[in-house]
Structures are given as C-alpha cells and as structure tokens.
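Novice: Mind having a look at this structure? Questions to follow.
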Amino acid sequence: MIREVRLSDAQALTDIYNYYITDTVITFEETTIEPSEMTTRIEKVLDDNLPWFVAEDEQGQVIGYAYAAKWHQRYSYRFATEVTVYLHHNAQAKGYGSKLYQTLFEELKARGIHTAISLITLPNEPSVKLHEKFGFEKAAHFKEVGWKFEQWLDVGYWQGFLK
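To convert, note that position 151 of the sequence shown is 150 in numbering that gives the first Met the number 0; the numbers rise steadily by one, no gaps.
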C-alpha cells in the first residue's frame, strides 16, 4: 500500500535511511540521523507543498518512501523537483520503488510539476534502471565528487519530464 507520509513514520523512515548511511555509498551522508531530524525533513517537504509517500508491506510495516524536494530556491525553478526513493534493504527488487515513483509522479503532474531530477551515486544499476523505466535520461555525470568509505565516487543526474 502506498500512502501519504505521517510524522509518526519518522522512526521507520530513519531506520531505512540510516542503513544507507552506514552500509552504502548511495547517500553521501556519513553520520546517522535521529527521528527528530527525519521529522524536520518531512516537514520541510510538506511546507514546500510537495509530496512525500510511504510504502507499507502486507503487515502494515513501512518499507520504503519517495518524495520530491525543490530543485533550487529561485522562483523560475518552481516547475522542477528533485526526486528520491529509498527502500528497506530487504524490500528491494519487489516493485515497491516503481509503485512509489508511479504515485509520486502522478501527484507531481497533478501539481503542475514539469521536470523531475534525480542524483544517483554511480555505479548503481538498480537505481538507473528504475529511473529509466520512467523515461528518465542521463543528463550529467560528475566524476569523483564524493568521498566515502575511503573512495572517490561519481554521481549522475537523471532527468525526466512529467507529461
């Protein structure tokens, strides 16, 4: 089930995200966050009048989330967003990411958003495939811009149009 985020989801979302901080290079954050920080992040997205959705499994456990954030603050960027999806590491490759993104993109279209942009640490074939499934194309590649776990990391930007 996909539903809108609740502030009470902060602990579950924090647990999902902290795995990516401590065990992967998917995010460049290096220090785990607390549920209070996740609450602040949720509130920021919602205060910007942008959507945040969560996925629940058959038992009602939160297993993933997707949201949109402002691409940049200047007014002319108001029709572009940065999109993000995270899944519990045991819930990957089961279609939850696609369901989350489908719901997110439909809501963004309904709100008049034209462009969605995603930053992907490379290599990350599953994320690239997910974005390209929705028509995203690689728009940029930055080499060795992140340093985590004693290695330089590349990032790519994928861009999609919400028509």
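Beta carbons: idealized from backbone N, C-alpha and C, even for Gly. Bear in mind the structure is a predicted one, so any value in this text is a computation, not a measurement.
1) Determine the DSSP secondary structure at F160, reduced to helix, strand or coil.
2) Look at the alpha carbon of K69 and the alpha carbon of Q58, and state the distance between them as a whole number of angstroms.
3) Cutting at 8 Å between CB atoms, please list the residues of its own chain near L45, excluding the five before and the five after it.
4) Which one or two residues does DSSP pair with K137 in a beta bridge?
5) Assuming Y156 and I116 are in contact, meaning their beta carbons sit under 8 Å apart, how far apart are those beta carbons, in whole angstroms?
6) Quick one: any contact between the stretch 106 to 126 and the stretch 79 to 96, if contact means 3 or more CB pairs under 8 Å?
7) So, using beta-carbon positions, are F104 and L161 closer together than 8 Å?
8) Which complete beta strand (DSSP E) runs does the stretch 60 to 84 hold, if anything under 3 residues is left out?
9) Below 8 Å on the Cβ atoms is my guess for G96 versus V84; work out the distance and round it to an integer in Å.
10) Within 10 Å of its beta-carbon, does V144 have 16 or more other beta-carbons around it, so buried, or fewer, so exposed?
11) Of all the options A9, V61 and V53, which has the alpha carbon lying nearest to the alpha carbon of R40?
12) Roughly how many angstroms lie between the CA atoms of P122 and D153, to the nearest whole one?
13) For I32, which three-state DSSP category applies?
Specialist: This is what the structure gives:
1) strand
2) If I take the Cα positions, the gap works out to 33 Å.
3) V4 and W51
4) W157
5) 6 Å
6) yes
7) In contact: F104 and L161 (Cβ atoms closer than 8 Å).
8) 61 to 69
9) Indeed they touch by this definition, with Cβ atoms about 5 Å apart.
10) exposed
11) A9
12) 8 Å
13) Residue state, collapsed to three classes: coil.
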